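These protein sequence lines are chains F and X, in that order. Going by my numbering, 25 is the number at position 25 of the first sequence; the sequence numbering is gapless. Every number in my numbering is 1000 more than the matching position in the second sequence, counting from 1. Every residue, glycine too, gets a C-beta built ideally from N, C-alpha and C. As the structure is a computational prediction, the values presented were derived from the model and not from experiment.
Number of protein chains: 2
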Amino acid sequence: MTKEEKRFQEKIKAIQDTMFVLGGKWKLPIILSIYSGNKRFNDISNAIPKITNRVLSKELKHLEENLLIKRTVIDDYPVRIEYAVTDYAFGLEEVIKPMESWGKKHRKKISGK
Amino acid sequence: MTKEEKRFQEKIKAIQDTMFVLGGKWKLPIILSIYSGNKRFNDISNAIPKITNRVLSKELKHLEENLLIKRTVIDDYPVRIEYAVTDYAFGLEEVIKPMESWGKKHRKKISGK
DNA sequence: AGATCAGGTATCCTTTTGGATACAGGTATC
DNA sequence: GATACCTGTATCCAAAAGGATACCTGATCT
């Protein structure tokens, strides 16, 4: 493999990592929903009506593993669980802004083709 | 739906559009392979050994529809087909650079958790 | 004791994405 | 006329992502 090929492989891997973290149907809606103030499992579930419990649960785990949200057990009676976006998640701005802006430009380009 | 919710919906749609265009296992490798000088179907197929004809063909169509590559029929004998990245594709730089850089940072963050 | 609620799991199913293999159609070559 | 090359297409299959529905656990409420 040439040097250039290796650089490309790493570039591809990094970009695909980003898409692995944010990709799929629900990860962004969930992050933004929690950011908007929905802290509890059922709050989020109601705010995003079409997601099922199974998928919400899996996605929350994924986001927690990737340090974008934090799950806190609050130990009064009854025990509550609260989700919050982390400070680290705010670092996403640097990538989601360009993705949003390219996506918008691209939609215009394609629709007016 | 509140104003804020609507803004979020549009943000999400735009970001997911970007991921629709670039996402999946092969789209970036194909773009970079063509950019590196592989113009013919079989060149690309050989440069990316694990892709099958079926998938390569589908992905080339997707990239062409999204104006990132151009397919040209060259009419001597035998007829050849040449693929090239478009000028428009160079505009991806503004989005793939931040995606690459966030992806790299994130991998470090996660692996050293 | 029985009902209720929060925060999920468990099981099964459908859709989407990608892979394996064969081969087709048009031209050129032997 | 048979054979080979190029650019795909056709058919079938496997894996991954997502959806529907039921249910569980631990606590509190009546």
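Quiz item: Who are the Cβ neighbours of ILE81/F in its own chain at under 8 Å, not counting the five residues just before and after it?
Solution: Position 81 of the first sequence holds residue 81/F. ARG40, PHE41, ARG71, THR72, VAL73, ILE74.
Quiz item: How long is the line joining the alpha carbons of ASP43/F and ILE34/F, rounded to whole angstroms?
Solution: Your numbering for residue 43/F matches position 43 in the first sequence. Your numbering for residue 34/F matches position 34 in the first sequence. Their Cα atoms are separated by approximately 9 Å.
Quiz item: If you drop the 5 nearest sequence neighbours on each side, which residues of the same chain put their C-beta closer than 6 Å to that of ASP76/F?
Solution: Counting from 1 along the first sequence, the entry for residue 76/F is found at position 76. Taken in chain order, the list of residues that qualify is empty.
Self-check item: DSSP three-state assignment for ARG80/F, whether helix, strand or coil
Solution: Residue 80/F sits at position 80 when you count from the first residue of the first sequence. The answer is strand: DSSP assigns ARG80/F an E or B state.
Quiz prompt | Own chain residues within Cβ distance below 6 Å of ASN1066/X, not counting five before or after | solution = Position 66 of the second sequence holds residue 1066/X. Closer than 6 Å at Cβ, skipping near neighbours: VAL1021.
Quiz item: Under three-state DSSP, which class holds THR1072/X?
Solution: Against the second sequence, residue 1072/X aligns to sequence position 72. In this structure, THR1072/X counts as strand in the three-state DSSP scheme.
Exercise. Check whether the Cβ atoms of LEU1060/X and ILE15/F sit closer than 8 Å, and answer yes or no.
Key: If you number the second sequence from 1, residue 1060/X lands on position 60. If you number the first sequence from 1, residue 15/F lands on position 15. Cβ distance not < 8 Å, so LEU1060/X and ILE15/F don't count as in contact.
Exercise. Run down chain F in chain order and give the residues with a C-beta less than 7 Å from the C-beta of HIS1062/X.
Key: Within the second sequence, residue 1062/X is the residue found at index 62, counting from 1. None at all; the shortest Cβ gap to chain F is about 12 Å.
Quiz item: Counting contacts by CB-CB distance shorter than 8 Å, is GLU1100/X in contact with chain F?
Solution: Taking the second sequence and counting its residues from 1, one reaches residue 1100/X at position 100. Yes, GLU1100/X counts as interfacial toward chain F.
Quiz item: Can you tell which of PRO1078/X, ILE1031/X, THR1052/X has the C-alpha that lies nearest to the C-alpha of ASP1087/X?
Solution: Here residue 1087/X refers to the residue found at position 87 when the second sequence is read from its first residue. If we check each option's Cα against that of ASP1087/X, ILE1031/X comes out closest.
Exercise. Could you name the residues that DSSP lists as bridge partners for VAL85/F?
Key: As a working mapping, residue 85/F is identified with position 85 in the first sequence. DSSP output for VAL85/F lists ILE69/F as bridge partner(s).
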